[in-house]
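Novice: Dumping the structure here so I can ask a few things about it.
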Amino acid sequence: MAVIDRVKWDGPESHIAWKFPSQELSTWTQLIVNETQEAYVVSGGVYDGPFGAGRHTLTTENLPVIRSLMGLPFGGNSPFSAEVWFVKKDINLQFPWGTPDPIQLEDPKYRLMIPVRAFGQFWIQIEDTKRFLLTLVGTLPVFDQDAIERFFRGVLTTRIKQAIANSILREGVSVLEISTHLESLSSDLLQVLAPDFERYGIRLSQFNVRSVNVPEDDPAVITLKAALAKRAELGILNFTYEQDRSFDVLDTAAGNQGTAGGVIGAGLGLGIGVGIGGQVAQSMPGVAGVMNTAPAPAPVPVQESPESSSGSSPDKSEPSEIIRLLNEVSELRDKGMLDDQEFDALRKKILGGE
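Numbered per my numbering, the sequence shown spans residues 263 to 616.
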């Protein structure tokens, strides 16, 4: 084959490393290296270089390793066989990344296994060309961005899973809330992944997490979001889970006989059971006590005399009990737990009005 007199990059722009197709060189061959590139002449596993940007004439002076290996006469013009590798050293090598499948993580806040997906970009620069060629490129004729993505996909997935898990534990947040911590997560991953790239002669200059999300149709996600929606609804009403449970107790108490049960029943009828249910134990201890006791047994009927039957009917409650309940309802109004309309309705109920 004819000896090549000029060697330069002629590979696709998507390639990071590219090998010149011919190995027939000589000590007068011109090697042309572009501004964003670096080149090595390789023969028998040994490297001569690096050759930076510019035009270089291959001579025995700048090929000391190959001259020694091949026994080339010093200063002469001799053909020889060797590979020429070009490597891009441009900092603007941007790569998209993403988890190919959802990563299963245990949500530390809700103790559910949640599938998580993450996406973003990272930027690299080839810092040590020789190490990059020796450890990563190997005998491949080309090494493009797809090859970089394929090679680092496994380590990216492993590191990202661990980083997200560490982040949600450190921040004390749910998987569903991690999107508010993307900046710190990106910084963590840059530090964690940098050594994995460095051992191949690559500097990881930037790593961004653009999105962390969950599949909306996953059963665990549906269950968790429904529970969070319910909690948010109760929170808007200033209504806790314990208050929600106490509503059932209120409903039962409303059916009890006696004035106290009537008061609670009136409250439920007015739609104010929620407020009473959450605060009755603190604000109306008398009513709360009645709720937790069984109704008193019915009194034994007494034969009324004609004289007594002609008078007015006896009170259903002792005056002291009525006064106490009125005071407690007034206190609820003073604290803002009842408005005037609700207070008037309860007052009438206590006094036996309609």
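Ideal Cβ positions, reconstructed from N, Cα and C, are used throughout, including at glycine.
Looking at the structure shown, is ASN589 part of a helix, part of a strand, or coil, going by DSSP?
Specialist: Against the sequence shown, residue 589 aligns to sequence position 327. In the three-state reduction of the DSSP assignment, ASN589 falls in the helix class.
Novice: Tell me the DSSP bridge mates of TRP347?
Specialist: Taking the sequence shown and counting its residues from 1, the one referred to as residue 347 is at position 85. Partner(s): LYS281 and TYR302.
Novice: I need the DSSP call for GLY416, collapsed to helix, strand or coil.
Specialist: Working through the sequence shown from its first residue, we reach residue 416 at position 154. Three-state result, GLY416: helix.
Novice: What is the rounded straight-line gap between the Cα of PRO362 and the Cα of PRO477?
Specialist: The residue you call residue 362 lines up with position 100 of the sequence shown. The residue you call residue 477 lines up with position 215 of the sequence shown. C-alpha separation (whole angstroms): 13 angstroms.
Novice: Per the DSSP calculation, THR289 is bridged to which residue(s)?
Specialist: Locating residue 289 in the sequence shown gives position 27, counting from the first residue. According to DSSP, which records beta bridges pairwise, THR289 is partnered with nothing at all.
Novice: Between the beta-carbon of PHE357 and the beta-carbon of TRP280, is there less than 9 angstroms?
Specialist: Reading the sequence shown from its first residue, position 95 is the one you call residue 357. Reading the sequence shown from its first residue, position 18 is the one you call residue 280. Cβ distance not < 9 angstroms, so PHE357 and TRP280 don't count as in contact.
Novice: Just confirm the distance between the C-beta atoms of ARG303 and ALA344, as a whole number of angstroms; I'd bet it's less than 8 angstroms.
Specialist: Your numbering for residue 303 matches position 41 in the sequence shown. Your numbering for residue 344 matches position 82 in the sequence shown. Residue 303 is actually Val in this sequence, not Arg. Rounded, the Cβ-Cβ distance is 5 angstroms, consistent with contact.
Novice: When the Cα atoms are used, what is the spatial distance from GLU583 to LEU438?
Specialist: Mapped onto the sequence shown, residue 583 falls at position 321. Mapped onto the sequence shown, residue 438 falls at position 176. So the two alpha carbons sit approximately 52 angstroms from each other.
Novice: Is the shortest distance between the beta-carbon of ASP479 and the beta-carbons of chain D less than 9 angstroms?
Specialist: This model lacks chain D altogether; it includes just one protein chain.
Novice: Helix, strand or coil: which one does DSSP assign to LYS492?
Specialist: Counting from 1 along the sequence shown, the entry for residue 492 is found at position 230. Here LYS492 sits in helix by DSSP.
Novice: Would you decide whether GLY533 is buried or exposed? Buried here means 16 or more other CB atoms lie within 10 Å of its CB.
Specialist: Translated into positions along the sequence shown, residue 533 becomes position 271. Per-residue confidence for GLY533 stands at a pLDDT of 44, beneath the threshold of 50, marking its modelled position as unreliable; no derived number is given.
Novice: Identify whether SER276 lies in helix, strand or coil by the three-state DSSP scheme.
Specialist: Residue mapping note: residue 276 aligns to position 14 of the sequence shown, counting from 1. DSSP places SER276 in coil when its eight states are reduced to three.
Novice: In the structure shown, what three-state DSSP assignment does THR319 receive?
Specialist: Position 57 of the sequence shown holds residue 319. In this structure, THR319 counts as strand in the three-state DSSP scheme.
Novice: Closest to LEU396 by CA distance: which of ARG317, LYS371, PHE469 and ARG461 is it?
Specialist: One-based indexing of the sequence shown puts residue 396 at position 134. Of the listed residues, the one whose Cα sits closest to LEU396 is ARG461.
Novice: Evaluate contact between the stretch 319–328 and the stretch 371–391, counting only Cβ atoms and requiring at least three cross-stretch pairs below 8 angstroms.
Specialist: no
Novice: Quick one: is PHE413 buried, meaning 16 or more other Cβ sit within 10 Å of its Cβ, or exposed?
Specialist: Taking the sequence shown and counting its residues from 1, the one referred to as residue 413 is at position 151. When all chains shown are included, PHE413 counts as exposed.
Novice: Helix, strand or coil for ALA264, going by three-state DSSP, please let me know.
Specialist: To locate residue 264, count along the sequence shown from 1; it is residue 2. The answer is coil: DSSP assigns ALA264 none of H, G, I, E or B.
Novice: Report the rounded CA-to-CA distance for ILE386 versus ALA301, giving the unit in angstroms.
Specialist: In the sequence shown, residue 386 corresponds to position 124, counting from 1. In the sequence shown, residue 301 corresponds to position 39, counting from 1. So the alpha carbons of these two residues sit roughly 18 angstroms apart.
Novice: Under 9 angstroms, do VAL471 and SER448 count as touching if we go by C-beta distance?
Specialist: Here residue 471 refers to the residue found at position 209 when the sequence shown is read from its first residue. Here residue 448 refers to the residue found at position 186 when the sequence shown is read from its first residue. Their beta carbons are under 9 angstroms apart, which means VAL471 touches SER448 by this criterion.
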